[in-house]
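The structure appears below as structure tokens.
In my numbering, the protein residues as written are 173 to 356.
If you want it as structure tokens, here you go:
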């Protein structure tokens with residue numbers, strides 16, 4: 173993440189601004205399941221899970237990192253997978269309460285449904301677009317390597333991809349869809 177942080181700062185400098193950057197990593201792929209202390213087994217599933225806005229920021233968090241678990245969504249079925257948020261860098265020196273409130277408020281921005289998302293909406297949408305790009309790239313039958321070396325391994329493959337050609341071939345900028353809105 174150090175490289176990404178430096179890149180964000182460099183782009184900001186090119187624009188003539190010097191923002192204080194706060195980086196938070198969110199993770200849903202963990203084994204921690206949080207639930208209320210008292211559960212009525214006759215309640216519906218949404219009522220048996222943590223309520224939206226519930227935060228856990230002690231006892232089960234990492235001892236050295238600033239971490240919190242924030243359940244921003246209603247889980248309609250099964251156990252809620254509450255995301256874990258780890259503060260990686262905080263130049264703004266926000267309090268944990270401020271970061272938790274900001275993270276929770278960002279979960280209200282989804283425009284397709286009238287519910288909060290499990291992740292902050294910008295992260296949720298970015299993940300959906302990343303999945304979409306991965307799927308489009310996966311069905312493409314073209315070889316986008318810069319050289320036709322047969323002994324490339326996975327650690328060197330990324331350095332040999334022709335990203336400009338991938339963008340020209342697979343993006344919508346050269347298609348009839350370029351001026352159309354994408355929702356879901």
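Virtual Cβ for every residue (Gly too), placed ideally from N, Cα, C. Bear in mind the structure is a predicted one, so any value in this text is a computation, not a measurement.
Which residues mark the beginning and the end of the alpha helix (DSSP H) in which residue i is found?
i           : result
residue 262 : Unbroken run through residue 262 is the beta strand (DSSP E), 256 to 262; no alpha helix (DSSP H).
residue 273 : 268 to 278
residue 208 : Run containing residue 208: none; DSSP gives neither H nor E here.
residue 189 : It is not in any alpha helix (DSSP H) - residue 189 carries neither H nor E in the DSSP assignment.
residue 173 : That residue, residue 173, is in no alpha helix (DSSP H); it is neither H nor E in DSSP.
Within the continuous beta strand (DSSP E) that includes residue i, where are the two ends?
i           : result
residue 243 : 239 to 243
residue 295 : First-last for residue 295: 293 to 311, but that is the alpha helix (DSSP H), not the beta strand (DSSP E).
residue 195 : 194 to 199
residue 226 : 226 to 228
So, is residue i buried or exposed, given that buried needs 16 or more other C-beta atoms within 10 angstroms?
i           : result
residue 335 : exposed
residue 283 : exposed
residue 290 : buried
residue 292 : buried
residue 188 : exposed
What's the C-alpha gap between residue i and residue j?
i           : j           : result
residue 220 : residue 244 : 15 Å
Which whole-angstrom value is the C-beta distance of residue i and residue j, which I expect to be below 8 Å?
i           : j           : result
residue 206 : residue 228 : 6 Å
residue 246 : residue 213 : Not a contact, Cβ separation roughly 19 Å.
residue 222 : residue 254 : 6 Å
residue 333 : residue 317 : 6 Å
residue 241 : residue 201 : Rounded, the Cβ-Cβ distance is 14 Å, inconsistent with contact.
residue 279 : residue 288 : 4 Å
Validate contact between the region 253 to 268 and the region 187 to 205 using beta carbons, cut 8 Å, 3 pairs: The count of Cβ pairs closer than 8 Å, one atom from the region 253 to 268 and one from the region 187 to 205, reaches three, so the stretches are in contact.
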